[in-house]
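J.: In the working numbering, the protein residues as written are 205 to 548.
Beta carbons are placed, not taken as given, at the ideal position from N, Cα and C, and that holds for glycine.
Pasting a structure here, questions to come.
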């Protein structure tokens with residue numbers, strides 16, 4: 205068994221330790237803002253029919269022009285997106301029905317919604333500060349090419365777009381979400397629908413999740429460890445969509461991407477030194493004839509997703525033409541085929 209596969213077996217505990225403290229602290233801060241549960245979304249008019257498209261922030265979106273193709277398709281069903289891809293959607297004329305936000309990080313997540321307080325001086329300080337910490341989050345991952353090209357210009361445009369379209373967007377927001385992002389969305393006029401992340405086994409006598417649920421009476425959802433999976437869960441479990449198309453749900457990185465320009469690359473480098481490249485797992489995608497690579501965290505997220513798909517009462521199609529999410533209950537189709545025939 206490779207180093208990457210061995211590490212993937214231990215990701216669950218590491219993820220729990222990393223996010224629980226911040227998430228629970230944010231839940232206390234956000235408590236006074238809770239007015240309605242995510243379950244209320246089921247009674248909202250969100251697109252036509254019983255299909256949905258779930259949008260993650262993977263590189264395949266931009267390599268294959270998937271957002272442009274989705275916009276051209278005139279899809280009339282429900283669109284649920286991860287927070288990191290909201291800007292890309294809005295710039296392509298796609299106003300999602302639901303945006304999902306989970307991550308507790310205090311400074312990063314607000315920027316997916318456009319940060320009105322971001323100035324040239326503050327951004328320079330922020331970048332120097334995070335670089336000193338070995339973070340370089342936005343430069344390293346390039347979720348959104350517009351940010352990589354000109355971060356300040358992209359932020360100004362995103363502030364305008366979110367302010368313009370915010371009142372038409374529902375935010376399915378976890379209690380763990382960063383308060384800065386929550387306040388930004390409220391200021392933009394988004395309606396907030398709350399839920400608790402599933403931190404641990406709810407049936408355990410010492411369950412943190414159960415204690416949280418009893419304190420705020422919100423439903424608990426298993427988001428699979430990442431915001432893209434959480435968006436799929438909301439589409440199928442809350443909105444009860446029977447046919448779901450995925451785009452940007454890569455769980456991996458494209459061929460040729462430097463290892464350091466990945467979410468966990470610097471962490472793996474710190475842990476394993478010169479051996480850190482051995483921690484990445486390469487998987488051939490026969491549908492596009494390419495070999496993509498992933499890290500132990502996203503390999504675990506992929507296994508979790510497959511298990512959830514097997515239990516779900518819906519059909520799930522990967523329409524993104526890339527990544528490592530195929531087989532094990534995940535069917536493959538083009539975005540045009542999904543919109544044209546499969547979603548009917």
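If we call anything under 7 Å between Cβ atoms a contact, is residue 260 one with residue 547?
T.: No, they are not a contact pair.
J.: Tell me which same chain residues have a C-beta within less than 6 Å of the C-beta of residue 432, skipping the five on either side of it?
T.: The answer, listed in chain order, is 260, 286, 453.
J.: Below 7 Å between beta carbons: does that hold for residue 257 and residue 449?
T.: Yes, the pair counts as a contact, with Cβ atoms nearer than the cut-off.
J.: Give me the Cα-Cα distance between residue 523 and residue 394, rounded to the nearest whole angstrom.
T.: Cα to Cα, the separation comes out at about 28 Å.
J.: Alpha carbon to alpha carbon, how far is residue 367 from residue 269? Give it in angstroms, no decimals.
T.: Taking the straight line joining both Cα atoms gives about 25 Å.
J.: In or out: residue 532 buried (at least 16 other Cβ within 10 Å) or exposed?
T.: Burial call: exposed.
J.: Just tell me which of 322, 299, 463 has its CA closest to the CA of residue 356.
T.: For the residues 322, 299, 463, the minimum Cα distance to residue 356 belongs to 322.
J.: Assuming contact is defined by CB atoms lying nearer than 7 Å, are residue 399 and residue 423 in contact in what I supplied?
T.: Yes, Cβ-Cβ distance for residue 399 and residue 423 is below 7 Å.
J.: Residue 227 and residue 380: beta carbons closer than 7 Å?
T.: Yes.
J.: For residue 183, count neighbouring Cβ atoms within 10 angstroms of its own Cβ and tell me buried if that reaches 16, exposed if not.
T.: Residue 183 is absent from the structure shown; the chain starts at 205 and stops at 548.
J.: Return the chain-ordered ranges of every alpha helix (DSSP H) run that is complete within the segment 411–468 and spans a minimum of 4 residues.
T.: You should have 412–420, 431–437.
J.: Spatial neighbours of residue 489 within its chain, please: CB distance less than 8 Å, with the 5 preceding and 5 following residues excluded, ordered by chain position.
T.: Excluding residues within five positions, the ones whose Cβ falls inside 8 Å are 495, 496, 526, 527, 528, 530.
J.: Can the beta-carbon of residue 275 be found less than 7 Å from the beta-carbon of residue 297?
T.: For residue 275 and residue 297, yes; Cβs fall inside 7 Å.
J.: Taking the Cβ atom as the reference point for each residue, do residue 271 and residue 318 lie within a distance shorter than 7 Å?
T.: Not in contact: residue 271 and residue 318 (Cβ atoms no closer than 7 Å).
J.: Rounded to the nearest angstrom, what separates residue 465 and residue 477 at their Cα positions?
T.: If I take the Cα positions, the gap works out to 16 Å.
J.: Taking all protein chains shown into account, do 16 or more other C-beta atoms lie within 10 angstroms of the C-beta of residue 266, making it buried, or fewer, making it exposed?
T.: Buried, by the Cβ-count rule.
J.: May I ask which residues mark the beginning and end of the beta strand (DSSP E) holding residue 400?
T.: Run containing residue 400: 395–401, per the beta strand (DSSP E) assignment.
J.: Taking 6 Å as the cut-off, is the CB of residue 497 close to at least one heavy atom of the ligand GDP?
T.: Questions concerning the ligand GDP fall outside what the structure shown contains, since it holds no ligand whatsoever.
J.: Quick one: is residue 405 buried, meaning 16 or more other Cβ sit within 10 Å of its Cβ, or exposed?
T.: With fewer than 16 other Cβ atoms within 10 Å, it is exposed.
J.: At the level of alpha carbons, what is the spacing between residue 397 and residue 409?
T.: Each residue's Cα considered, the two are about 28 Å apart.
J.: For residue 445, count neighbouring Cβ atoms within 10 angstroms of its own Cβ and tell me buried if that reaches 16, exposed if not.
T.: Buried, by the Cβ-count rule.
J.: Could you tell me the distance, in whole angstroms, from the CA atom of residue 487 to the CA atom of residue 498?
T.: When rounded, the distance between both Cα atoms is 8 Å.
J.: Using DSSP with H/G/I as helix, E/B as strand and the rest coil, what is residue 408?
T.: Of the three classes helix, strand and coil, the one that applies to residue 408 here is coil, per DSSP.
J.: Using only the alpha-carbon positions, how far apart do residue 542 and residue 264 sit?
T.: About 17 Å.
J.: If you measure between the beta carbons of residue 611 and residue 294, is that distance less than 7 Å?
T.: No statement about residue 611 is possible, as the shown extent of the chain runs from 205 to 548 and does not include it.
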